[in-house]
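Below is one structure, written out as structure tokens; the observations come after it.
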Amino acid sequence: MPAPPTILVFDSGLGGLTVLREIVGARPDAHYVYVADDAFFPYGHHSEDQIIARVVPLIGELITAHAPDLVVIACNTASTLVMSHLRAKYQLPFVGTVPAIKPACASSKTKRVSVLGTKGTVKREYTKALIRDFAQGCEVTLVGSADLAALAEAALSGNDVGDREIFAELAPCFVGNGAGDPARTDTVVLACTHYPLLMDRFVRLAPWPVDWIDPAPAIARRVSDLLRPASGEADHAGAEMIFTSRRPHTLSQALMPFFGGRIPA
Ligand code: DGL
């Protein structure tokens, strides 16, 4: 039987776990290496040049160390900058994570969509081009959050995060005069992989119901399509968790659900 494929999933921190969770569901046969570049977190606070200079060589080192069959950049803040550099430099398939503006605008009924991402992601030329090409007549509001990714990490690590802090970052997504306004925002793009970690809180705090667009299931389908078909028996291969800071962590139990029940070494 062929060896299971190795998939390397990369993010600035724990947000990429929301993408990993979907990929593991689609490909339980694969071996997973999850890398959190926590030594450089949060990416949203760094300049474009700093992120390119950090991520491109780091991915090269990770490819040498782990020989993955495919790399997923599970970070919008990085993917909106580095994908072409990575593809030009390294000969293996890469899958990125970019704001899901096209499907969001296609499904919005009120034609008012918000994109919630890091301050870096909403400033990117890449994101503006997606809006130019795919807004399909929608009014798109860009909401750059300074702190939500860190709040999501804190919540996942078991710390108390107040509703007020979360709502302050979320509120600008909601444009309009309440649930009865036919021109209100009805769709919010989750343009940072950390944000689905706070999904329950977002739903509870939202001033009116909206559709939340998380691209992770589509990314998982893309990854699965790029790999050779899974062998008949889904043998759960191993999983590794790497923090670039090399800090010891005690999160293994909390992280298990993201790894499909495996305990990451
Ligand atoms: N998870 C990352 C993203 O999707 C960003 C968090 C950060 O600022 O590092 O954009």
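No gaps in the numbering here: position 209 of the sequence shown is 1222 in my numbering, and each next residue is one more. Positions of the beta carbon are idealized from the N, C-alpha and C atoms, including for glycine. These figures come from a predicted structure and were not determined experimentally.
| message | Using beta carbons (cut-off 8 Å, strictly below), is G1133 in contact with chain C? | response | In the displayed structure, chain C is absent; only one protein chain is listed.
| Is V1048 near R1235, with beta carbons less than 8 Å apart? | Position 35 of the sequence shown, counted from the first residue, corresponds to residue 1048. Position 222 of the sequence shown, counted from the first residue, corresponds to residue 1235. No, these two residues do not count as a Cβ contact at 8 Å.
| query | From the DSSP output, which residues share a beta bridge with T1077? | reply | For the purposes of this step, residue 1077 is taken as residue 64 along the sequence shown, with counting starting at 1. In DSSP, T1077 forms no bridge with anything.
| Where does G1038 fall in DSSP's three states? | The sequence position of residue 1038 within the sequence shown is 25, counting from 1. Assignment of G1038 by DSSP, reduced to helix, strand and coil, places it in the helix class.
| task | Could you work out which residue in M1254, L1105, A1181 is closest to A1219 when comparing CA atoms only? | result | Indexing the sequence shown from 1 puts residue 1219 at position 206. Nearest neighbour of A1219 by Cα position, chosen from M1254, L1105, A1181, turns out to be A1181.
| What did DSSP end up calling F1054 once you bin it into helix, strand or coil? | Along the sequence shown, read from residue 1 onward, the residue named residue 1054 stands at position 41. Assigned with DSSP and collapsed to three states, F1054 falls in coil, not helix or strand.
| request: Tell me where the alpha helix (DSSP H) around S1092 begins and ends. | output: For the purposes of this step, residue 1092 is taken as residue 79 along the sequence shown, with counting starting at 1. For S1092, the enclosing alpha helix (DSSP H) covers residues 1089–1102.
| task | Could you spell out the range, first to last residue, of the beta strand (DSSP E) harbouring F1180? | result | As a working note, residue 1180 is residue 167 in the sequence shown. First-last for F1180: 1176–1183, but that is the alpha helix (DSSP H), not the beta strand (DSSP E).
| message | According to DSSP, is A1264 part of a helix, a strand, or is it coil? | response | In the sequence shown, the residue the question calls residue 1264 occupies position 251. The displayed chain sequence assigns Leu, not Ala, to residue 1264. If DSSP states are grouped into helix, strand and coil, L1264 belongs with coil.
| field | Cut-off 6 Å between Cβ atoms - residues of its own chain near V1022, not counting five sequence neighbours on either side | value | Counting from one through the sequence shown, the residue named residue 1022 turns up at place 9. For V1022, where only same-chain residues beyond five positions count, the Cβ hits under 6 Å are G1029, L1033, Y1047, V1085, A1087.
| message | Can you tell me where the alpha helix (DSSP H) holding G1133 begins and where it ends? | response | Position 120 of the sequence shown, counted from the start, is the residue given in the question as residue 1133. Under the DSSP assignment, G1133 falls in the alpha helix (DSSP H) whose first and last residues are 1132–1136.
| message | Any heavy atom of ligand 1 inside 7 Å of the beta-carbon of Y1139? | response | Position 126 of the sequence shown holds residue 1139. Y1139: no, Cβ never under 7 Å from ligand 1.
| request: Verify whether the separation of the beta carbon atoms of S1237 and R1040 is less than 8 Å. | output: Locating residue 1237 in the sequence shown gives position 224, counting from the first residue. Locating residue 1040 in the sequence shown gives position 27, counting from the first residue. Result yes, Cβ atoms of S1237 and R1040 sit closer than 8 Å.
| task | Give the range of the alpha helix (DSSP H) segment to which M1212 is assigned. | result | For the purposes of this step, residue 1212 is taken as residue 199 along the sequence shown, with counting starting at 1. Where M1212 is concerned, the enclosing alpha helix (DSSP H) stretches over 1212–1218.
| said: My assumption, with CB atoms under 8 Å, is that I1226 sits in contact with V1202. Please give the rounded CB distance. | reply: The residue you call residue 1226 lines up with position 213 of the sequence shown. The residue you call residue 1202 lines up with position 189 of the sequence shown. Contact holds; Cβ gap of about 5 Å.
| request: Count the other C-beta atoms from every protein chain shown that fall within 10 angstroms of the C-beta of P1112, then say buried if there are 16 or more, exposed otherwise. | output: Within the sequence shown, the letter at position 99 stands for residue 1112. By the neighbour-count rule (16 or more Cβ atoms within 10 Å), P1112 is buried.
| field | Own chain partners of F987 with C-beta closer than 7 Å, once the 5 adjacent residues on each side are dropped | value | Since the first residue of the chain shown is 1014 and the last is 1278, residue 987 is not available in this structure.
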